[in-house]
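J.: Taking the numbering used here, the leading residue of the sequence shown gets 26, the next gets one more, and so forth. Here it is, the structure in full.
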Amino acid sequence: MVEVNEHNHKHEWLKAHRGQPINWDVLFNGFKATVDWPSCNLWREQLKHFPDAKIILSLRDSASWYESIMNTIYPYSKQSLDSEDPQLHYSGKWAFEIIWDRIFDGRLNEREFVIDKFNRHNQSVIEETPSEKLLIFEAQNGWEPLCDFLGVPVPDTHYPHTNTTNQFKDAVTHHEPASSD
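Now the structure itself:
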């Protein structure tokens with residue numbers, strides 16, 4: 026979501042999540058890929074607009090994923106929503122509309138419900154994406170399957186381990202509020 030904030034794309038993503046028409050070419054101008062929210066739940070729309078695109082579905086243990094979101098982006102979204110700072114408040118409102126309420130019906134405290142939604146999302150990507158366009162990726166497998174799928178050389182460096190709960194909390198603590206538009 027860093028790029029969404031830095032490039033003032035929140036409004037366009039909000040429109041897309043509401044089913045309103047957007048210009049995908051303008052939204053993706055200067056980008057070759059997208060990851061995570063807000064794009065992951067609009068993968069069908071993106072694949073329709075960019076038919077040559079490839080989908081990399083990053084799989085992880087659903088229980089650890091749930092624990093992660095409940096210790097990172099969800100409490101940060103709640104804190105932002107409750108903020109008196111207009112930019113932070115907008116960020117929280119935005120996250121609740123496109124993620125927590127839209128995807129999870131506001132039921133984040135219902136662990137099994139959320140995990141089921143997560144698993145059903147992954148299954149729909151697997152079932153609906155043409156196999157030649159899909160890589161089911163697990164980070165512990167490193168660079169090779171990812172680079173093979175993308176047709177690029179394998180870097181001569183270890184596969185990174187980033188975006189941990191502590192890294193997220195540190196980043197949130199040391200950054201200014203994001204733009205509200």
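Each residue gets a CB set at the ideal place from its N, CA and C atoms; glycine is no exception. Every value quoted in this text rests on a predicted model; they were computed, and no experiment measured them.
#1: In this structure, does DSSP put Leu72 in helix, strand or coil?
#2: State the beta-bridge partners of Phe162 as determined by DSSP.
#3: Taking Val150 and Leu82 to be in contact with their CB atoms under 8 Å, please state how far apart those CB atoms are, rounded to whole angstroms.
#4: Specify the secondary structure class of Tyr115 as computed by DSSP and reduced to three states.
#5: Just verifying my parser: in three-state terms, what is the DSSP assignment at Phe56?
#6: Please classify Val139: is it buried, with 16 or more other beta-carbons within 10 angstroms of its beta-carbon, or exposed?
#7: Going by CA-CA distance only, name the one from Asn144, Trp68, Leu39 that's closest to Ser87.
#8: Taking a contact to mean a Cβ-Cβ separation below 8 Å, would you say Ile128 touches Lys142 in this structure?
#9: State buried or exposed for Pro155, treating a residue as buried only when at least 16 other CB atoms are found within 10 Å of its CB.
#10: Would DSSP call Asn147 helix, strand or coil?
#11: Going straight from the alpha carbon of Phe174 to that of Glu37, what length do you get?
#12: Measure the C-alpha to C-alpha separation of Phe121 and Asn96 and round it to an integer number of angstroms.
T.: In this structure, then:
#1: Leu72 falls in the helix class under three-state DSSP.
#2: DSSP lists Ser83 as the beta-bridge partner residues of Phe162.
#3: 5 Å
#4: helix
#5: Phe56 falls in the coil class under three-state DSSP.
#6: The residue in question, Val139, is buried, as its Cβ has 16 or more Cβ neighbours within 10 Å.
#7: Asn144
#8: Going by C-beta atoms, Ile128 is nearer than 8 Å to Lys142.
#9: exposed
#10: helix
#11: Near 30 Å, if we compare the C-alpha coordinates of Glu37 and Phe174.
#12: 16 Å
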